[in-house]
Each structure stands twice: as C-alpha cells, then as structure tokens.
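Heads up: the protein sequence lines correspond to chains A and B, in order. Here the first sequence is numbered in my numbering, starting from 163 and rising by one per residue. Here the second sequence is numbered in my numbering, starting from 400 and rising by one per residue. Have a look at the structure below before the remarks.
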Amino acid sequence: MVNFFGNAIPNLQPYSDPQYFVYLLIAVMPLAIGLYYGKRFKIYETIFSIVFIVLMFTNDKLGQGVALIAYIIWQLLVVGVYHQYRIRKNNSLIFYLATFLSIVPLSIVKIMPTVDHGAQSIIGFLGISYLTFRAVGMIMEMRDGVQKDFHWWPFLRFMVFMPTISSGPIDRYRRFEKDYDHVPDRDKYVTMVGKAVQYIFLGFLYKFILAYFLGTIMLPEAKQMAISAGKGLSWPLLYVMYTYGFDLFFDFAGYSLFAVAISYLMGIETPMNFKQPFKSKNLKEFWNRWHISLSFWFRDFVFMRMVFVMKKRRLFKKSTTYSSVAYVLNMLLMGFWHGVTWYYIAYGLFHGLGLMINDWWLRFKRKHLKWLKPNWFTQGIAIFLTFHVVMISFLLFSGFLNVLWFVKK
Amino acid sequence: MKKRLWQIFGPVIVAFLALLILLFAPLNYSHFSVKDEKKAAVALNSITFKNQQLKKQALSDKKTRYVPFFGSSEWERMDQFHPSVLAIKYHRNYRPFLLGRRGTQSLTQYFAMQTILPELKNKQAVFVISPQWFVKKGVDPGEFNYYFSNLQGTEWLDSNTNSRADRYAADRLLKLQGEDKKGILTNIYKRVAEGKSLTKQEKWEIYLEKVVLEHEDQLFSRFQVNDNYDRRILPKTKYLPRQFSYRNLTRSANRVAARQTTNNRFGILNSFYSGRIKPFGLKRLKGAQRNISYVQSTEYSDFQLVLNEFAKLKVNVMFVIPPVNRKWAAYTGLDLNNYQEAVKKIKYQLKSQSFNNVVDLSKDGGKPYFMQDTIHLGWCGWIAFDKKVNPFLSHPTKAPKYKINNNFLSKKWQRLKPNNANLKEFK
C-alpha cells in the first residue's frame with residue numbers, strides 16, 4: 163500500500179485483495195461526487211477505466227493485454243460489418259457467419275488446452291468469455307431487429323465496462339446505454355450508493371472471510387483427506403463436495419457483489435448475479451438464482467432460439483420434447499463453454515438432464531398428484547434435494563474427481 | 400439528504416477507524432491461559448511454530464520455566480521417555496517448549512527465533528542439530544517457505560544491523576523465496592543483501608508492517624493449538640516408574656521397546672515399520688542411502704547464523720547431535736565414516752567458537768533400543784538425552800563467552816572436507 167509508486171509498475175487484479183478497494187474507491191470518488199451533483203464526467207470515467215484495465219495487464223500479463231486489444235478490434239469489425247449488412251439485408255447464413263466469427267476467438271481459447279496438453283492459447287485473456295457474451299448478444303439483437311443503430315464508441319464502452327470486465331455480470335447493451343445516458347436523480351443515486359456500500363461489505367464477508375476460510379484453509383486439507391481415503395465414495399469426499407460448493411458460491415457471489423457495487427457507484431445498475439441460490443426448491447428455480455446473468459443470457463440467446471427453430475421445423479410430435487431437447491443442448495453448450503474437459507461436459511449434461519427430469523416431475527405432479535399440497539415439509543425436502551443435486555454437480559465441476567480418479571501421482 | 404449520507408457512510412467510517420485502531424494501536428490483544436501454554440509447548444504444528452505471541456508469553460512465564468527445544472522431526476517421537484513427558488512426571492523445574500517439525504532446519508529456526516529475541520536473551524536452550532540437514536543445498540525451498548512468515552521477516556529486518564551475517568541471511572532468503580516473489584519486503588531484503596543501509600521510509604514501512612502482523616498474530620493465533628498435550632503427553636506419564644532413577648527408567652524402556660519392535664530386524668517401532676517402510680517396500684530401500692554425504696552443505700553457514708544469534712543474545716545453549724539407527728544404516732548403505740566426518744565438522748564449528756555444551760550421541764546408534772525408527776531417538780535414546788539435558792537445565796548457569804568467527808559463513812567452509820590441517824584455517 164505504501165509503496166504504490168515504488169520501483170515496479172503494480173499489477174492489480176480486480177477485487178483480489180482489500181488494498182485494491184482502497185485504490186479503486188479513491189479513484190471512483192470524483193465520479194461519485196459528480197453523479198451526486200447530477201453530472202457524469204465522461205472523460206474522467208474513460209481515463210479511470212483505462213488506467214484500471216491497464217493495471218490488470220501489467221508485468222507478466224502484458225501478452226494478455228495485447229490479446230485484449232486485438233480481440234476488441236476483431237469484435238468491433240465483426241459487429242460493425244454485420245450492422246452495415248443488416249441495414250440492407252437479413253440473410254440467415256450471414257447471421258450465422260457473423261455469430262461464428264464472433265465466437266471464434268473464445269472457441270480457440272477454450273479448445274486449445276485440450277488439444278495442446280493444457281497449453282494456454284496466446285490469444286486468451288482474463289474476461290474473454292464475458293466479452294464474447296456481450297458481443298454475440300449484440301449480433302443477435304441486430305438480427306432480431308431490436309438493435310437498430312451501432313456506434314463504435316458506446317459499444318466499446320459497454321464491452322470493456324471496467325467493474326464487470328473480467329467476470330461479469332453480463333449486462334445487455336440497451337439496458338446499459340440507457341443507464342449511461344441518463345444520470346440518476348440525487349435521491350435514486352444516494353439509494354444506489356447505500357446499496358453499493360452494503361454490497362461491498364457483504365462481498366468482503368463472502369470473498370475475504372468465508373471463501374478464504376473455505377477455499378484456502380479447509381479445501382486443500384479436505385482434498386488431501388479424500389485422496390488418502392481412496393477412489394470410492396468416502397466421507398472426506400463429501401467434505402470436499404460441501405467445502406468446494408460453498409467456496410464456489412461465496413467466492414463468485416462475493417466477486418459479483420463487488421462488480422455490482424462499483425457499477426452502482428458509477429451510476430450503472432448492473433444486474434445482480436446471485437439471489438440466495440441454495441434455497442431453490444427445484445433445479446429450474448436454481449438457475450433463476452445462480453449466476454443469473456449467464457443463465458438468462460443462455461435462456462434468451464440459446465434456449466429460446468433453439469426451441470423456436472425446432473418448432474418452426476416441426477421436429478417433434480410432442481410439444482414437451484422441444485424444451486427437453488433444448489435443455490440438454492443448452493446446458494451441454496454451457497458445459498463446453500466452461501472448457502473442453504470431460505467433467506465440464508458431464509456437468510453440463512447433468513444439469514441438462516436434471517432440468518428435463520425436473521420439468522417432467524412438475525408436469526407429473528400437476529396431473530397426478532393434485533392432492534399434494536406444498537407445506538413446510540415438502541418444501542424442506544425439495545430444498546434439501548435440490549441443494550444436494552447442485553452440490554453433486556459442483557463436485558463434478560470442480561475437476562477434483564478427475565484428480566482423484568485419473569491423475570497419476 | 401445529509402442525514403442519509405451519514406447513515407450510509409457513518410458505519411463505514413466507524414468500521415474503518417476501528418480497524419485502524421485494531422491494527423495499529425500499541426496494544427496487546429492476547430492473553431493465554433496456563434493450559435494454552437502447556438498445549439502450545441507440545442503442539443508441534445506449523446501454526447504454533449510460526450506464531451509469536453504464544454511463544455513470547457510461555458517463554459517469559461514467571462511460574463513455569465519453559466525452555467525452547469529447537470530441532471526438527473525428533474520431537475514428534477512422543478513415547479513416555481520423551482523430554483516433555485519426563486519433565487512433567489518428575490516435576491522438573493523446567494518444561495520443554497518444542498520448536499521444530501520435519502523440515503525446520505537452521506535457517507528456518509534462525510528466522511523463527513527473530514519473533515522471540517527478548518525472550519531468548521540470557522536464557523537457556525537446547526538445540527538438536529541433525530546431520531541429515533546437511534545435504535548439499537541445505538534446506539528445501541518449499542519447506543523453508545512453508546515455515547517462513549512475513550512476521551519473521553519484519554522482526555528480522557527490524558533488528559538487522561547490516562552485518563555480514565545479515566547480508567548472508569538476506570541473500571539466502573531471496574534465493575529460497577525465488578524470483579516470482581514480489582512485494583515491499585522483497586525490495587528491502589534486496590537492499591540488505593546488497594549491503595545498503597535502509598532509508599527512513601523503508602524503516603517506517605517495516606515498522607508499519609510489523610505492527611500489523613504482530614496484531615494479526617495476537618488476534619488470530621488462539622484458535623489453532625491442537626490437543627497433543629492431553630492426547631499424547633499427559634497420558635504417557637502413568638507408564639513411567641513412580642520413583643525417578645535412571646536404572647528404573649532404563650529397565651522400563653528396555654521392556655517397553657522389546658514389546659514394540661517385534662515385526663522387523665532393525666529395532667524399529669512396529670507401527671513405523673508397518674506404516675512407513677513396508678508399504679514402500681523394504682527391498683527398494685536396500686542400498687538407497689549409498690551416495691548420501693553430509694560433509695559439504697550450505698547448511699553449515701545457515702547453522703552459523705543460528706550460532707551468531709545465540710552469541711548475540713548470550714543464550715546458554717546445549718547442542719545434541721543424534722545418531723542414525725546403525726542396523727538401518729548398514730542395510731541402506733549409509734556411510735557412517737562420512738556421517739562422522741560431518742559430525743566432526745559440526746563439532747569443530749561449535750567448539751572453536753566456544754559452544755562447549757555439546758552432547759555427541761552420534762556413535763550410539765547401535766545401542767539397543769536407542770533409536771525409535773531410522774534416524775530418531777526413542778526409549779533409551781531419550782534417556783541418554785535426558786541424562787545430559789536434565790542436569791544442564793535443572794541447574795542453570797550463564798553462557799560461556801562465545802567467540803564468533805564469520806568465516807563459517809563462507810563458501811569455503813561450506814565445501815570444506817575437514818582434516819586436521821585445513822580445519823586450522825578456521826581458527
């Protein structure tokens with residue numbers, strides 16, 4: 163903290179330690195004062211964003227920084243050219259091509275380690291997934307005709323919005339722009355600041371206390387115990403499952419709270435990413451509460467479109483088959499997005515099938531179990547079951563089973 | 400509107416001020432009970448080892464005289480003849496405070512000592528110096544970094560005098576921490592290693608860092624002490640003869656050890672043999688130590704740092720050099736002449752600087768039931784240890800006048816294969 167202007171250029175990873183907040187909050191102060199008085203200092207905000215993004219990619223991360231710049235230029239080209247085309251024509255093939263081109267960099271980054279023995283692609287950088295979601299969302303909305311205009315500067319501003327650049331939440335362009343062009347009135351802004359303060363402190367509790375304790379202190383020990391307990395099902399394996407599951411939640415939810423809080427201070431109402439996911443009563447509800455901005459993105463841009471296309475072509479006889487197939491494909495794709503390893507794909511498949519079964523159960527209950535009225539007991543069972551299905555899926559997701567079963571020691 | 404802003408930021412300001420006070424106020428937040436001290440003295444976990452406040456309090460306890468027992472994995476061998484058990488059973492006027500685990504070698508001990516300098520001054524100590532530490536490159540970087548903490552680092556910087564020993568220590572520290580390590584302190588270590596004196600600002604930074612780390616230590620160390628005391632030490636006292644005499648003890652040790660070493664021909668504790676050697680495969684270990692030598696090692700200079708510190712603090716310290724299990728050494732091909740050469744070198748380094756309290760057990764590895772396993776004292780070995788350590792500690796005397804010779808910090812000494820002629824160069 164004291165040696166900020168010391169010998170080396172510092173490298174600041176977003177929200178990684180409490181010191182980061184000291185720098186960030188000091189830097190954001192002029193913006194907040196401006197917004198309080200009804201003004202948005204756009205030039206200052208641009209400089210502020212650039213400085214903090216540059217500091218993410220200093221020293222040994224310089225390569226990633228270069229990759230980010232190249233990536234941005236690529237996306238600007240793809241989206242910009244598609245916009246020019248879309249003004250005139252609307253051919254599906256071109257739309258597919260644009261989408262494909264937009265996804266190419268991310269695909270390379272995700273597939274590379276699998277093909278090349280875990281080597282990281284040089285075109286990768288922290289946050290590439292989230293930028294891709296934003297760009298692809300833009301193309302799709304142009305295709306739908308709801309996004310009519312395109313200006314490169316606002317688009318850029320949206321893509322690399324500093325608080326959410328590295329890990330979301332994934333905002334939508336039109337919503338973001340509305341906030342950006344519009345300065346909240348003082349009453350509303352003060353309410354937002356109040357929420358921001360609350361979120362930052364909750365985030366401290368989540369990320370720096372709970373996730374630290376779970377992830378740094380408990381988890382390594384749990385894994386060690388599970389490895390010595392052998393490959394089968396064991397109590398330590400359950401311990402790993404719970405520890406990892408809660409660690410994942412508190413780490414990511416803490417991070418998202420920070421991102422939302424800083425956005426609020428900048429007068430942007432970035433959507434929340436988590437809403438008490440562990441009290442979900444079924445898997446569908448879980449995905450409405452867990453990593454919300456991602457699952458809604460997949461719902462709007464993958465799931466709905468798939469159902470629409472399949473229905474148009476009348477692929478199936480039964481109407482429920484459409485959603486079942488779409489669930490599995492949708493989740494499978496999300497699995498692939500996490501990375502091309504067997505456990506991410508299995509995780510996706512697990513949730514796809516889970517949602518399918520969940521849907522089937524809800525229909526079955528509606529038809530044949532009318533007498534079954536929800537009460538604290540049935541709801542308790544539902545929450546317990548959902549929680550454990552989710553925890554098992556996280557154990558898959560953690561990759562620990564891969565270490566336990568397949569990595570030679 | 401002002402009121403609303405106060406409602407939002409008031410608590411933040413209060414929290415921030417409270418944190419500042421908590422971290423920087425010149426207060427001591429911890430007080431440990433007698434029981435905590437007892438538990439910490441035999442806890443042997445890395446937390447206790449790295450912790451400061453617990454050690455400080457125990458070592459300056461007026462009612463119970465805790466004596467630091469520096470060493471490594473031997474302290475873990477807790478049979479009933481272990482020094483901690485004997486001290487309790489026979490109501491000695493001292494209690495061992497065990498410091499060391501597997502991998503805590505000279506340099507680690509040296510930095511850990513930095514957290515308890517005032518508590519060591521003019522007192523007594525016991526130091527078990529294992530020749531096994533003296534492998535070519537000395538302490539393993541992973542092990543070293545596991546036990547090193549920034550608290551040790553800041554305390555060390557705080558007492559640094561820019562001496563040759565300090566420069567050597569800083570250099571070692573930087574090399575062991577590796578290139579990737581960055582931070583405020585790393586830059587300061589670099590300056591010390593280069594022999595530059597520290598600026599006012601750097602001293603201020605060290606001070607701030609030290610205060611924060613000390614308070615962190617005081618606030619969070621209490622949760623982490625284990626129950627070795629109740630589980631592994633106290634229950635053992637009832638297996639010891641009621642009347643203290645070495646004859647009784649030895650008879651008891653022989654009886655117990657005979658019962659516990661039945662599944663192998665090396666005189667090794669059954670559970671150690673079946674748990675650690677058999678699963679690995681005895682055959683695979685035949686001749687495995689043939690090429691090991693402890694004569695040339697960086698450890699000799701690291702050890703010199705420890706000696707420097709003892710001399711500076713006028714600690715009256717007794718050194719114990721343990722043997723290896725002779726049958727095991729024969730089987731694994733360890734060259735005992737080479738072992739003796741290392742012992743000779745260590746003893747020369749000690750005695751030539753007037754560290755005269757040296758207990759050399761290194762030739763006793765063939766005595767029956769002397770070793771609990773391959774390289775660690777047990778049963779009769781602990782009794783032999785006690786025969787020397789008990790009188791030394793029970794009737795405390797002042798430290799001899801040490802004559803420090805910094806040539807032991809040189810590469811030349813590290814690489815020396817000792818003979819009577821070339822040892823004289825290090826007078």
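Glycine included, every Cβ here is placed at the ideal spot set by N, Cα and C.
Rounded straight-line distance, which links the Cα of residue j to that of residue i
i	j	result
N550/A	W449/A	According to the sequence provided, residue 550/A is His. The question's Asn does not apply to it. For H550/A and W449/A, the distance between alpha carbons rounds to 14 Å.
V322/A	S696/B	54 Å
L217/A	A189/A	13 Å
Y768/B	D626/B	28 Å
Q748/B	I379/A	41 Å
Y292/A	L268/A	10 Å
K802/B	S429/B	38 Å
E615/B	Q623/B	14 Å
K473/A	E207/A	46 Å
D772/B	P398/A	30 Å
P410/B	L187/A	16 Å
Y199/A	P331/A	27 Å
T636/B	G777/B	15 Å
E339/A	P176/A	23 Å
I327/A	F470/A	31 Å
G365/A	D462/A	28 Å
M163/A	Q181/A	Confidence is the limiting factor: at M163/A the pLDDT is only 36, short of 50, which leaves the residue's position unreliable, though a coordinate-based value still follows. Between M163/A and Q181/A, the C-alpha separation is close to 7 Å.
Q451/B	E436/B	12 Å
D785/B	T649/B	12 Å
P724/B	K823/B	The question names Pro, yet the displayed sequence has Asn at residue 724/B. Their Cα atoms are separated by approximately 32 Å.
Y351/A	T432/A	14 Å
Y244/A	R305/A	9 Å
N253/A	V277/A	34 Å
T583/A	L517/A	Residue numbering for chain A in the displayed model covers 163 to 571; residue 583/A lies beyond these limits and cannot be assessed.
P640/B	S651/B	8 Å
I265/A	V240/A	10 Å
L445/A	T548/A	6 Å
L681/B	R664/B	11 Å
Enclosing beta strand (DSSP E) for residue i [first to last residue]
i	result
Q479/B	First-last for Q479/B: undefined, no H or E at that position.
F468/B	Y465 to F469
Beta-ladder partner(s) of residue i, from DSSP
i	result
L618/B	Answer is none; L618/B lacks a bridge partner.
M717/B	V525/B
V757/B	F718/B
R654/B	The partner list for R654/B (beta bridge, DSSP) is empty, contrary to what the question assumes.
F496/B	P467/B
L776/B	M770/B
Under 7 Å by beta carbon: chain A residues contacting residue i
i	result
V411/B	V359
R403/B	V352
The alpha helix (DSSP H) enclosing residue i, as first and last residue numbers
i	result
D734/B	From DSSP, D734/B is part of no alpha helix (DSSP H); its letter is neither H nor E.
R467/A	M466 to K474
E339/A	Y335 to D343
I583/B	I583 to A592
F214/A	K204 to M218
A232/A	L224 to R250
Interface partners of residue i on chain A, CB under 9 Å
i	result
I446/B	Here the premise fails: no neighbours, minimum Cβ distance about 11 Å.
M770/B	In chain order: nothing, as chain A lies at least about 27 Å away.
Proximal residues of chain A, C-beta to C-beta of residue i below 8 Å
i	result
I407/B	V352, V355, G356 and V359
- Residues, ordered as in the chain, of the region 336-356 of chain A that lie near chain B by beta-carbon distance below 9 Å: R348, D349, V352, T353, V355 and G356
- Query: Taking a cut of 7 Å between CB atoms, which residues from the region 713-745 of chain B lie near chain A?
  - Reply: none
- Query: Taking Cβ-Cβ distances below 8 Å as the criterion, which residues of the region 500-532 of chain B are in contact with chain A?
  - Reply: none
- Query: Which of the residues in the region 474-486 of chain B, read from start to end, lie with their CB under 9 Å from any CB of chain A?
  - Reply: none
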